[in-house]
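Working notes, beginning with the structure itself.
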Amino acid sequence: MFRRSGSLGSVPEPAQHGHLSAPCAGQMSVGGALVRVNSRPDMIARRRFLETSGLALLGGLVGRTVGAGEATRTPARELLVHSLRPENLATPIEWFDRLITPTDVFFVRSHFGAPAAAAAPRLRLDGLVGQTLDLGPADLDAMPQVTLTAVLQCSGNGRALSAPRVPGVQWVHGAMGQATWTGVRLRDLLERAEIATGAAHVAFAGRDVAPTPATPSFHRSIPLERALDPSTLVATRMNGDPLTLAHGAPLRLVVPGWAGNHWIKWLQAIHVQSEEASGFFMQTAYRLPRTPVEPGAAVPPENTVPVTTFPLKSIIARPVDGSRLPRGRQEVVGVAFSGEAAIARVEVSLDAGRSWREAALEGEPGLGRWQVFRLPIEARRGPMSAVARATDARGMVQPERATWNPSGYFWNAWHAVGWEVA
Amino acid sequence: MRPARAASLAALGLVAAACAAERPLKSTAPAAAPVAAAAAADAPALEILRNDCRGCHTEDLLRQQRLTEAQWAKVLDKMHRWGAPTEGEDLQVLTANLAASYGRDSGPFAPERLSAEAAADLFRSRPDGALAGGNAVRGLALYGERCAPCHAEDGRGGPLGLNLVGRRSLHRADEFAALVRGGAGRMPGFETTDAEAADLLAYLRSLPNLAGR
Chain A
2 MFRRSGSLGS
12 VPEPAQHGHL
22 SAPCAGQMSV
32 GGALVRVNSR
42 PDMIARRRFL
52 ETSGLALLGG
62 LVGRTVGAGE
72 ATRTPARELL
82 VHSLRPENLA
92 TPIEWFDRLI
102 TPTDVFFVRS
112 HFGAPAAAAA
122 PRLRLDGLVG
132 QTLDLGPADL
142 DAMPQVTLTA
152 VLQCSGNGRA
162 LSAPRVPGVQ
172 WVHGAMGQAT
182 WTGVRLRDLL
192 ERAEIATGAA
202 HVAFAGRDVA
212 PTPATPSFHR
222 SIPLERALDP
232 STLVATRMNG
242 DPLTLAHGAP
252 LRLVVPGWAG
262 NHWIKWLQAI
272 HVQSEEASGF
282 FMQTAYRLPR
292 TPVEPGAAVP
302 PENTVPVTTF
312 PLKSIIARPV
322 DGSRLPRGRQ
332 EVVGVAFSGE
342 AAIARVEVSL
352 DAGRSWREAA
362 LEGEPGLGRW
372 QVFRLPIEAR
382 RGPMSAVARA
392 TDARGMVQPE
402 RATWNPSGYF
412 WNAWHAVGWE
422 VA
Chain B
3 MRPARAASLA
13 ALGLVAAACA
23 AERPLKSTAP
33 AAAPVAAAAA
43 ADAPALEILR
53 NDCRGCHTED
63 LLRQQRLTEA
73 QWAKVLDKMH
83 RWGAPTEGED
93 LQVLTANLAA
103 SYGRDSGPFA
113 PERLSAEAAA
123 DLFRSRPDGA
133 LAGGNAVRGL
143 ALYGERCAPC
153 HAEDGRGGPL
163 GLNLVGRRSL
173 HRADEFAALV
183 RGGAGRMPGF
193 ETTDAEAADL
203 LAYLRSLPNL
213 AGR
């Protein structure tokens, strides 16, 4: 398993569009964007501008008046369809106002579509181990169980905001969520199997099957050190309930802080090996330039490294960009997280980045966990705007602009929203 | 031979009907051209899309892209290497149409909203009903005669047919039977009794999912 398959593709790289980078860079300034917001109350024009600036979500809510009290109402239990086949469904942004994303509105990402449910699921662990394991559900249930809270985020979340644009599922902000995950530590399984000399990577395969023999299988590996981290789980439950097929039933890998592509769903095989996994999804896709490149640049494979942790980010759930709100007491609320450190602080600016106010944080700080931030505000008639930026426990501040890369991974620029107060 | 044309896929009535919620997309057809004429010009591209792409992708995945012709060409080249049969003139027609329909300057993509309940239903197995209790041995014979020429002896797909092993439709018997009877893309429909469909299902379910082995 995890051998290089016969036909390997390459990540489609966008054509160079150097001429776009200069004007875009100018428009990317949050201050500039919001000046435009204030000088052009026409919502459609503003919305169009924000799109080209890559700064804000394009909700389908322009012109919609949000009634008093709606700000605290449960959002609609809906998902945004990016594709039905394979299933790629995003969580609407309004749900990012709470610590736990409910399972039924939690985003779904799949490469080849969910497979048929396993009639008699088994988990095999083999390779550079003293003893191959072949475990059924009862074997896993009999082992020590761990529950943790962690963000699951697709590395392509925010790809739609890449300028110049890049191919792939055009996620805006909805390919993320936070849940509790329950299962056994991968470390306990590896110790039970006795890791052999020469082991350096652990590779994973799910039941999702490539549609043709020429399509590479979806395999990922993580370094042994990450596999042995006590937070790495083989999960059986999400938010307290058995995993659903959409989210990887019966088993999915949980790698807190690392991008979703490592969180293998429908897990059925674990292979301990000396090398990183081969194949398209490890050696060609899910890679970033080793050092930042000019927007639109083509990056040769040897200058890339696999994606791992997701960077510091904050997203404003409410007010929703382009909405209309009543006057009076409102709040700016959202989530902040990083795969590299705990959150220390979130600041919100209501004047296009000229001054910042610290928001209150809710939830436990931790690597790969999100906290909710909340800032009460008094809304006056006319256009209003907010920008959020997070700072982590190491003192690193979320960047004003995201670093462009050929696959549109890890967009984490300051999130700006504008709304109208009636 | 199909004439190579670069008109917009989106001008096609059928595509438009499939994405009624979507705003009108840019067309390279002259503004004054009647819709029917534009549609006729795009028919070859739609046929390619149906035959070569839809087995794995619904059009929504294409509609959200905003790519240059060079980017579309790379995407389609990758898909061809991954088993999509499109090549030669068809590839040129499809590339040009996708670039015209879903190019850099196309308007924003507005994803359809699906209720959480409807989303959950996408992943649910359904009772076999009239297709329960099939015989895998009879199914093997039927498979060898009708399906193996395109889907390969082992069911794992070939140049003309997709992999059938481990597919979720094997646990949605009504969908499976409708597909076998109605066909899809290049696949013709087959007259199939309930008993035959049940046998085919029993056989396909008996094939092990070897992903990762």
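Same order as they appear, the protein sequences are chains A and B.
Under our numbering, think of the first position of the first sequence as 2, with each following residue one higher.
Under our numbering, think of the first position of the second sequence as 3, with each following residue one higher.
No residue lacks a Cβ here, since even glycine has one placed at the ideal position from N, Cα and C.
**OP:** Establish whether the CB of alanine 213 of chain B and some CB of chain A are separated by less than 8 Å.
**Re:** Under the Cβ criterion of 8 Å, alanine 213 of chain B is counted among the residues facing chain A.
**OP:** Go to aspartate 429 of chain A, then tell me how far its alpha helix (DSSP H) extends in each direction, as first and last residue.
**Re:** This structure does not reach residue 429 of chain A, given that chain A is present from 2 up to 423, and the question cannot be answered.
**OP:** Identify every residue that forms a DSSP beta bridge with phenylalanine 205 of chain A.
**Re:** A:Arg221 and A:Ile271
Original post:
If you measure from the beta carbon of glycine 136 of chain B to each beta carbon in chain A, is any gap under 8 Å?
Top reply: No - not a single Cβ of chain A is within 8 Å of the one on glycine 136 of chain B.
Original post:
For the alpha helix (DSSP H) that contains glutamate 49 of chain B, what are its first and last residues?
Top reply: 37-50
**OP:** Please classify valine 422 of chain A: does DSSP put it in a helix, a strand, or coil?
**Re:** strand
Original post:
Mind checking whether glutamine 269 of chain A and alanine 211 of chain A have CB atoms under 8 Å apart?
Top reply: no
**OP:** With a 10 Å radius around its C-beta and 16 neighbouring C-beta atoms as the bar for buried, classify serine 40 of chain A as buried or exposed.
**Re:** Unreliable placement is indicated for serine 40 of chain A, whose pLDDT of 29 sits below 50; no coordinate value is reported for it.
Original post:
Nearest chain B C-beta to valine 418 of chain A closer than 8 Å, yes or no?
Top reply: So no, valine 418 of chain A is outside the interface.
**OP:** Using DSSP bridges, identify the partner residues of methionine 239 of chain A.
**Re:** A:Trp182 and A:Asp242
**OP:** Please specify which runs of the alpha helix (DSSP H), each continuous and at least 4 residues long, are wholly inside the region 304-354 of chain A, giving them in chain order.
**Re:** none
**OP:** Find the residues of chain B that neighbour threonine 245 of chain A, judging by a C-beta separation of less than 8 Å, and give them in chain order.
**Re:** Ala122 and Phe125
Original post:
For the candidate residues A:Gly128, A:Ala215 and A:Pro138, whose alpha-carbon lies nearest to that of lysine 80 of chain B?
Top reply: A:Ala215
Original post:
Taking 8 Å as the CB-CB cut-off, is glycine 207 of chain A touching chain B?
Top reply: Yes, glycine 207 of chain A lies at the interface with chain B (some Cβ there is under 8 Å from its Cβ).
**OP:** Check whether the Cβ of alanine 175 of chain B lies closer than 8 Å to any Cβ atom in chain A.
**Re:** No, because no Cβ of chain A sits closer than 8 Å to the Cβ of alanine 175 of chain B.
Original post:
For phenylalanine 374 of chain A, which beta-bridge partners are listed by DSSP?
Top reply: A:Gly335 and A:Leu362
Original post:
Counting Cβ pairs closer than 8 Å, one from the region 109-118 of chain A and one from the region 146-163 of chain B, do we hit at least three?
Top reply: no
Original post:
DSSP puts aspartate 393 of chain A in a beta bridge; with which residues?
Top reply: A:Ile344
Original post:
Which term fits threonine 195 of chain B, buried or exposed, when burial requires 16 or more other beta carbons within 10 angstroms of its beta carbon?
Top reply: exposed
Original post:
When the cut-off is 8 Å and only beta carbons count, does arginine 52 of chain B lie next to chain A?
Top reply: no
Original post:
Where does the unbroken alpha helix (DSSP H) through proline 151 of chain B begin, and where does it stop?
Top reply: Unbroken alpha helix (DSSP H) run through proline 151 of chain B: 150-153.
Original post:
Quick one: Cα of alanine 360 of chain A to Cα of tryptophan 182 of chain A, how far?
Top reply: 28 Å
Subject >> Under 7 Å from the C-beta of leucine 81 of chain A: neighbouring residues of chain B >> reply: Pro113 and Arg115
Original post:
Where does alanine 77 of chain A fall in DSSP's three states?
Top reply: coil
Subject >> Interface flag, glutamine 73 of chain B vs chain D, CB-CB below 8 Å >> reply: The displayed structure is made up of protein chains A and B, and chain D is not among them.
Subject >> Contact with chain A by glycine 157 of chain B, beta-carbon distance below 8 Å >> reply: no
Original post:
What distance in whole Å lies between the Cβ atoms of leucine 78 of chain B and isoleucine 50 of chain B, which are believed to be in contact at a cut-off of 8 Å?
Top reply: Actually they are not in contact, since the Cβ atoms of isoleucine 50 of chain B and leucine 78 of chain B sit about 10 Å apart, beyond 8 Å.
Subject >> Coil, strand or helix - aspartate 92 of chain B by DSSP >> reply: helix
Subject >> Whole-angstrom distance between glutamate 365 of chain A and aspartate 92 of chain B, CA atom to CA atom >> reply: 55 Å
Original post:
What is the residue span of the alpha helix (DSSP H) that serine 208 of chain B lies within?
Top reply: 196-208
Original post:
CB leucine 229 of chain A to CB leucine 289 of chain A, shorter than 8 Å?
Top reply: no
**OP:** For alanine 213 of chain B, collect the residues of the same chain with a Cβ closer than 8 Å to its Cβ; drop the 5 residues on either side in sequence, then sort them by chain order.
**Re:** Setting aside the 5 residues that flank it on each side, alanine 213 of chain B is surrounded in the same chain by Gly168, each with a C-beta closer than 8 Å to its C-beta; the list follows chain order.
**OP:** Please confirm if valine 422 of chain A has its CB atom under 8 Å from at least one CB of chain B.
**Re:** no
Original post:
Cα-Cα, which of B:Ala86, B:Thr88 and B:Pro110 is closest to arginine 65 of chain B?
Top reply: B:Pro110
Subject >> Residue burial classification, glutamate 88 of chain A (beta-carbon count within 10 angstroms, cutoff 16) >> reply: Buried, since its Cβ has 16 or more Cβ neighbours within 10 Å.
Original post:
Is the distance from the Cβ of leucine 144 of chain B to the Cβ of leucine 202 of chain B below 8 Å?
Top reply: yes
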